[in-house]
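Take a look at the structure set out below.
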Amino acid sequence: MPFPLNFEDLLGHWESYLVSLAIGIAFGVVLEIAGFGDSRRLAAQFYLGDMTVLKVMFTGIVVAMVLVFAASAVGLLDFNLVWVNPTYLWPGIVGGLIMGVGFIIGGFCPGTSLVSAATGRLDGLFFAIGAFFGIFLFGETVGSFEDFWYSSYEGRYIIPEFLNISTGATVVILVLFALVAFAFAEQMERIFGGADLKKAPKWRYGAAGTLLAGAVVVMFIGQPNTEDRWNTIKDDKAPVLAKRDVQIQAGEVLALMRDDRINLILLDVRDEADFNLFHLLDAVNISADEIPDHLKEFRAKSANTVFMVIGNDEKAATEVWKTMVSESVPNVYVLEGGINNWITTFADEEFKTTSLIESHAHDTLAYTFASALGSRYAMANPNPDVFQLEYTSKVKLQAARGGKSGGCG
Amino acid sequence: MVVQGSIKKWVRVPARTAIGVKRQARAYVNPYLAGILLGVVLFSSFFLTGNGLGASGGMNRILVWGQDQLVPDHVDRTAYLLEMAGGDTNPMDSWVVFVMLGVIVGGFTSGWLNGRFKIETNRGPHVSVKMRWMLAFIGGAFMGYGARMARGCTSGQALSGGAVLSVGSWAFMFAVFAGGYALAYFVRRLWH
């Protein structure tokens with residue numbers, strides 16, 4: 002899944018914004034040729050005689066939607082890395098209502114007012130100045146209602162999850178919804194605007210059919226699951242495992258545990274019984290089969306987060322590594338030799354001789370513990386000054402790829 | 052087709068157009084065609100960069116940049132502003148600022164090439180020019196305030212979030228239309 006690209010790596014930090022500038026120029030051209038520089042044309046939407054706003058917006062949304070999920074279905078685009086506006090339901094609805102009021106009084110939305118001002122319209126210019134003033138007021142007042150502004154947070158929450166249907170089915174339903182809305186809009190234009198529908202171009206039927214056919218194809222291909230995702234990246238990632246580039250030695254993990262610049266997550270994927278007997282200090286216990294429920298939360302962690310997957314040996318941990326890497330979680334590593342090797346490295350000689358289970362099965366605990374003391378052992382948080390371990394440093398923070406902040410971040 | 056047409060027009064008419072001089076402006080394109088082009092632009096943005104489109108976010112950051120020049124201490128004490136411009140953080144260091152600048156460049160270029168650049172004030176028949184400017188300012192203030200509360204405007208929330216199926220973005224979109232339609236009847240004299 003080569004897209005989205007990381008332009009910061011390809012072009013450099015500020016240079017990467019040239020891509021955004023080009024996209025913005027194309028966006029500005031489209032808004033202008035649609036007639037969105039003229040406030041009367043925008044306001045007309047609310048008097049039903051001219052439904053240009055609805056037609057352009059919904060067409061744009063459904064066309065982009067079908068293309069995004071088609072690209073994702075064929076494995077070109079990693080949808081996990083596409084920014085989805087997080088849902089803050091009520092602040093969004095209240096903000097939307099306020100914007101509706103602003104729209105009908107002022108005749109623009111922020112983007113269209115810029116196009117309007119750029120084409121010489123003074124009302125567009127005054128609207129843009131007003132928008133700056135409104136933004137300024139918000140920045141100065143949001144402190145007094147911060148609880149509301151952060152309320153009803155659902156994170157990255159998409160309609161397929163809300164309706165509990167497949168992404169492809171959602172795409173088809175929304176295309177149908179848009180087509181019905183267009184038919185309704187054309188009737189409104191006929192009734193309230195006196196439009197002659199016979200003069201409307203015939204190609205729009207062909208375009209509607211093509212769009213719907215595309216949506217149906219997207220539904221039948223389906224979106225890739227974790228296994229499909231692994232198959233597309235296997236050729237790149239399997240050699241990394243084989244060369245042991247991501248299996249991190251105990252000494253480096255110990256150093257990372259004391260590195261304040263790194264948000265280290267010690268992800269203990271063993272079952273709860275083993276975890277309770279012994280685990281590393283501050284490790285979190287998420288068993289291997291529960292990992293898929295936490296992927297979204299893992300992807301949302303800060304850019305300096307490093308995941309260290311910990312098993313008894315390496316087998317289960319490696320499987321979890323594959324799942325997490327396939328699902329676009331950055332900076333995932335495996336503790337070399339797992340907990341068993343950790344104990345061998347850091348336990349005192351007495352413990353090692355008395356507690357070793359001579360013939361333990363692979364990926365089970367190699368030592369017995371008299372009681373479930375968890376991380377209350379010295380070896381759960383060894384003193385690095387006592388153990389002067391040599392290691393090859395392998396952890397490298399990967400620059401985040403894909404969408405970083407909200408549409409209006 | 053559209054682009055080619057624009058260039059022909061550009062070659063035919065004098066490159067320099069006197070501001071405010073009336074001349075034949077090309078008609079706007081069919082709404083569905085504009086919508087398809089909009090969809091392709093929006094998809095390209097997601098496909099290449101992983102981000103959608105945006106406008107008010109860029110305006111926000113330019114404003115905060117200005118505030119940071121004038122009253123840096125105030126910015127460092129206000130949580131909301133701190134995030135964008137606290138200490139050495141440069142609020143202009145964001146893709147959305149460049150999309151916004153692009154919108155201005157693209158809008159101007161297209162308007163000029165198509166003979167639609169004109170210094171004027173678009174208004175309803177019963178509204179004076181000064182009244183229209185005042186209403187535009189007030190409407191803009193509502194819009195700016197609401198857009199920040201909703202964490203995005205029509206471009207950043209409705210278009211971008213809508214295309215990638217965000218639940219919040221669809222709820223937001225219906226709220227914008229609901230707000231507009233609810234008030235439209237009462238302010239009809241502004242536009243008719």
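Here the protein sequences come in this chain order: A and B. Here our numbering is used: the first residue of the first sequence is 2, the next is one more, and so on. Here our numbering is used: the first residue of the second sequence is 52, the next is one more, and so on. The beta carbon of each residue, even a glycine, is placed where N, CA and C say it ideally should be.
Listed along the chain, the chain A residues whose CB falls inside 7 Å of the CB of S95/B are I24. According to the DSSP assignment, G156/A belongs to the beta strand (DSSP E) that extends over Y154 to G156. Straight-line measurement puts the Cα of V247/A at about 50 Å from the Cα of V116/A.
Rounded to whole angstroms, the separation of the alpha carbons of V218/A and R245/A is 40 Å. Judged by beta-carbon spacing, G190/B lies within the 8 Å limit of G103/A, meaning their Cβ atoms are closer than that value.
Per DSSP, Y232/B is one residue of the alpha helix (DSSP H) stretching across V218 to A235. At a cut-off of 8 Å between C-beta atoms, W146/B counts as an interface residue with respect to chain A. Residue burial annotation: R199/B is buried, with at least 16 other C-beta atoms found within 10 angstroms of its C-beta. Neighbourhood of W184/B in chain A, by CB distance below 8 Å: L123, D124 and F127, in chain order. Among the bridge pairs identified by DSSP, Y334/A is matched with M309/A.
The distance from the Cβ of A192/B to that of G131/A is about 4 Å, consistent with a contact at the 8 Å cut-off. Residue burial annotation: S360/A is exposed, with fewer than 16 other C-beta atoms found within 10 angstroms of its C-beta.
For A318/A, the closest C-alpha among the options W150/A, V181/A and S288/A is that of S288/A.
Within the segment 85-166 of chain B, the alpha helix (DSSP H) runs of at least 4 residues that lie entirely inside it are, in chain order, 107-121, 123-128, 130-136 and 146-164. In the same chain as L180/A, and ignoring 5 residues on each side of it, the C-beta atoms closer than 6 Å to its own belong to A209, in chain order. Of all residues in the segment 39-54 of chain A, only D39, S40, R41, A44, F47, Y48 and T53 come within less than 7 Å of chain B when Cβ atoms are compared, listed by chain position. Residues of the segment 168-201 of chain A that bring their beta carbon within less than 7 Å of a beta carbon in chain B comprise T171, in sequence order.
Taking a Cβ-Cβ cut-off of 9 Å, the neighbours of G107/A in chain B comprise L186, A187, F188, I189, G190, G191, A192, F193 and M194, given in sequence order. Distance between G213/B and S220/B, taken at the CA atoms: about 6 Å.
Secondary-structure assignment with DSSP links Q248/A through a beta bridge to V335/A. Listed in chain order, the alpha helix (DSSP H) runs fully inside the segment 256-316 of chain A are 273-278 and 296-300, counting runs of at least 4 residues. Interface flag for R205/A against chain B is set, since a Cβ pair is found closer than 8 Å. With at least 16 other beta carbons inside 10 angstroms of its own, L32/A counts as buried. As far as DSSP is concerned, E33/A takes part in no beta bridge. Assigned with DSSP and collapsed to three states, L77/A falls in coil, not helix or strand. Closer than 8 Å at the C-beta level to chain A, one finds these residues of the segment 81-93 of chain B: N81, P82, Y83, A85, G86, I87, L88, L89, G90, V91, V92 and L93. At a cut-off of 8 Å between beta carbons, W116/B makes no contact with chain A. Contact check for S96/B against I24/A passes: the beta carbons are separated by less than 8 Å.
Neighbours of K169/B in chain A, taken as residues at a C-beta separation under 9 Å, are given in chain order as T120, G121 and R122. Note that the segment 5-16 of chain A does not touch the segment 139-153 of chain A; fewer than 3 beta-carbon pairs, one per stretch, sit closer than 8 Å. If only complete runs of 4 or more residues are kept, the segment 168-240 of chain A shows the alpha helix (DSSP H) at 168-194 and 204-222, in order along the chain.
Beta-carbon to beta-carbon, L104/B and F4/A are separated by about 17 Å, too far to satisfy the 8 Å threshold.
G108/B is positioned such that its CB atom lies no closer than 8 Å to that of T120/A.
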